[in-house]
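Asks: I'd like to ask you about the structure that follows.
Residue numbers (the working numbering): 5 to 457.
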């Protein structure tokens, strides 16, 4: 059973959000102008508050950025004041409505915009109606994946909803065969849990639901979440067998993130196409995704290393599941830095090295220290890549990807090692992980294929 309670609101977060003492929602200035579509709909609802932005802070949200930061808010009109999860109007400095969204009294994200005024004018069918909007957005997300060929006869693991990329900020849904794992990182997602589970349960092929709240992030949203017992639908398995590009994987639904990194699907497929007769090393291999693709692609020898024993146990099971020759692929419990240092000391090298470390820069404030860690790791990886060989190196840190520094760090790593690099490919997450260009913070994954000389 999942228990949720609102945390007390810190006084410092309430200061920039003054509540107007006026009992009416719309000022005489707005009333004198022609009412917008959303204002027309709002006029029939009692107690709907309006969040007024500071002058000069409106355009970024009109352009599509859904995250209204508390620092952009001038005042809130309406009594009683809105509660976390409430639908609110959002207006410019002259109090003219520009859209509507979901309010949070505690989070740095004061409002998550759901629909702009122009959109409501074109289609008012779900104006100020979160249940109808949820249904429309989830249907659109499912239609998009179908148009991308997901799921298919060869791939039944994919991302169904990608937060801001599918205009449902704070909601992620990954599908693993007949199981949908829902990752919640916003208070509104918890509020609409039943509706979301019902709608996801309608998706073709989905028989089970697994709800995975992001407890630390939800605490920042003002929610204290405690999980007692299993938070899954009846008979939901703890592990599930899935297929990606014809390769089978066992996925633990209690594993990292939602259980499997579907974002690297296209890059894993590339590895299978460039591995024939190659000696391959997969560093930070988790459950063996890149290593298995190398083996399927005809690599002569594949080694995967990781520090997580549960992940390695899955990887070893995946060898048997795919009937691969255990003499050509193996997995070792090793710490990445120490293993690569030892290999370099022994003058060992590989034709193809994959380096996909965990998130090293979860926030901008640690970007500088993380840059040093990325440089050192990649320097070691280059040392053990044969001259003329290939290195696929990754960063899943949003702060790093958004900074644009990763390639410069790789150049520094090459200089440290006395090697030269050329870039063969730069990629991000797979196509079922759409990004809204008005919210570039949604980009987190960088995958670069290098030739190391």
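All C-beta atoms in this analysis are idealised placements derived from N, C-alpha and C, irrespective of residue type, glycine included.
Being a predicted model, the structure only gives us computed values, none of them experimental.
In three-state terms, what does DSSP make of residue 440?
Replies: Three-state DSSP puts residue 440 in coil, outside helix and strand.
Asks: Should residue 78 be counted as a contact of the ligand SAH given a C-beta to heavy atom distance under 7 Å?
Replies: Among the components modelled here there is no ligand, and therefore nothing to report on the ligand SAH.
Asks: Between 143, 419, 186 and 367, which lies nearest to residue 386 when the distance is taken from Cα to Cα?
Replies: Ranking the options by Cα distance to residue 386, first place goes to 419.
Asks: Whose C-alpha, out of 313, 395, 406 and 265, is nearest the C-alpha of residue 353?
Replies: Selected option, being the one with the closest Cα: 395.
Asks: Give, in chain order, every unbroken run of the alpha helix (DSSP H) that is at least 4 residues long and sits entirely within the stretch 359-392.
Replies: If we require 4 residues or more, the alpha helix (DSSP H) runs fully inside the stretch 359-392 come out as 371-387.
Asks: Would you say the stretch 320-335 touches the stretch 352-368, given that touching needs at least three Cβ pairs under 8 Å?
Replies: As far as the Cβ criterion goes, the stretch 320-335 does not touch the stretch 352-368, which means the pair count is below three.
Asks: My output table needs one value for residue 286: the three-state DSSP class, helix, strand or coil.
Replies: Of the three classes helix, strand and coil, the one that applies to residue 286 here is strand, per DSSP.
Asks: With distances taken Cα to Cα, identify the nearest neighbour of residue 391 among 63, 174 and 426.
Replies: For residue 391, the nearest C-alpha among the options comes from 426.
Asks: Just mark residue 351 as buried or exposed, buried being the case when its beta carbon has 16 or more other beta carbons within 10 Å.
Replies: Label assigned to residue 351: exposed.
Asks: Out of 211, 436 and 226, state which residue places its alpha-carbon closest to the alpha-carbon of residue 218.
Replies: Closest option to residue 218, Cα to Cα, is 226.
Asks: Please classify residue 437 as buried or exposed, where buried requires at least 16 other C-beta atoms within 10 Å of its C-beta.
Replies: Buried: at least 16 other Cβ atoms inside 10 Å.
Asks: So, is residue 1 buried or exposed, given that buried needs 16 or more other C-beta atoms within 10 angstroms?
Replies: Past the boundaries of the shown model lies residue 1; the chain is included only from 5 to 457, so the question cannot be answered.
Asks: From the DSSP output, read off the bridge partner residues of residue 95.
Replies: DSSP lists 56 and 101 as partners of residue 95.
Asks: Please report the distance separating the alpha-carbon of residue 433 from that of residue 181.
Replies: When rounded, the distance between both Cα atoms is 20 Å.
Asks: Where does residue 404 sit, in a helix, a strand or coil, going by DSSP?
Replies: Three-state DSSP puts residue 404 in a helix.
Asks: Report the three-state DSSP secondary structure of residue 26 (helix, strand or coil).
Replies: At residue 26, the pLDDT of 46 sits below 50, so the modelled position is not reliable; the number obtained from the coordinates is stated separately. If DSSP states are grouped into helix, strand and coil, residue 26 belongs with coil.
Asks: What's the gap between the Cα of residue 203 and the Cα of residue 374?
Replies: Approximately 40 Å between the Cα atoms of the pair.
Asks: Count the other CB atoms within 10 Å of the CB of residue 84; is the residue buried (16 or more) or exposed (fewer)?
Replies: With fewer than 16 Cβ atoms within 10 Å of its Cβ, residue 84 is classed as exposed.
Asks: Report yes if the C-beta distance between residue 450 and residue 404 is below 8 Å; otherwise report no.
Replies: Their beta carbons are under 8 Å apart, which means residue 450 touches residue 404 by this criterion.
Asks: Under a Cβ-count criterion, where at least 16 other Cβ atoms within 10 Å of its own Cβ denotes burial, should residue 63 be classed as buried or exposed?
Replies: It counts as exposed.
Asks: Can you tell me whether residue 158 is buried or exposed, with buried defined as 16 or more other CB within 10 angstroms of its CB?
Replies: By the neighbour-count rule (16 or more Cβ atoms within 10 Å), residue 158 is not buried but exposed.
Asks: Below 6 Å CB to CB, which residues in the same chain sit around residue 347 once its five sequence neighbours on both sides are set aside?
Replies: Counting only Cβ-Cβ distances below 6 Å, and skipping sequence neighbours, we find 388.
Asks: Does the beta-carbon distance from residue 92 to residue 66 come in below 8 Å?
Replies: For residue 92 and residue 66, no; Cβs fall outside 8 Å.
Asks: Using only the alpha-carbon positions, how far apart do residue 111 and residue 224 sit?
Replies: C-alpha separation (whole angstroms): 6 Å.
Asks: Quick one: Cα of residue 97 to Cα of residue 176, how far?
Replies: Each residue's Cα considered, the two are about 33 Å apart.
Asks: Buried or exposed for residue 125, please, with buried defined as at least 16 other CB atoms from any protein chain shown within 10 angstroms of its CB.
Replies: Under this definition residue 125 is an exposed residue.
Asks: Which word fits residue 467, buried or exposed, when buried means at least 16 other C-beta atoms lie within 10 angstroms of its C-beta?
Replies: Outside the displayed range of the chain (5 to 457) lies residue 467, so it cannot be described from this structure.
Asks: Excluding five sequence neighbours on each side, which residues of the same chain lie with their C-beta closer than 6 Å to the C-beta of residue 174?
Replies: 189, 190 and 193, listed in sequence order.
Asks: Is DSSP giving residue 78 helix, strand or coil here?
Replies: It is a strand residue.
Asks: Below 8 Å between beta carbons: does that hold for residue 168 and residue 440?
Replies: Cβ atoms of residue 168 and residue 440: closer than 8 Å.
Asks: Since residue 322 and residue 254 are thought to touch, with beta carbons under 8 Å apart, how far apart are those beta carbons, to the nearest angstrom?
Replies: Sure, about 6 Å apart at Cβ, within 8 Å.
Asks: Looking only at DSSP bridge pairs, what is residue 434 linked to?
Replies: DSSP output for residue 434 lists no bridge partner at all.
Asks: When the distance is taken between beta carbons, is residue 213 closer than 8 Å to residue 186?
Replies: Yes, they are a contact pair.
Asks: Would you grab the beta carbon distance between residue 475 and residue 291 for me? Rounded to a whole angstrom, and I think it's under 8 Å.
Replies: In the structure displayed, the chain extends from 5 to 457; residue 475 sits before or after that span and is not available.
Asks: Please state if the CB of residue 257 and the CB of residue 183 are separated by a distance shorter than 8 Å.
Replies: In this structure, residue 257 lies closer than 8 Å to residue 183 by Cβ.
Asks: Counting C-beta neighbours from all protein chains within 10 Å, is the total for residue 170 16 or more, i.e. buried, or is it exposed?
Replies: By the 10 Å Cβ count, residue 170 comes out buried.
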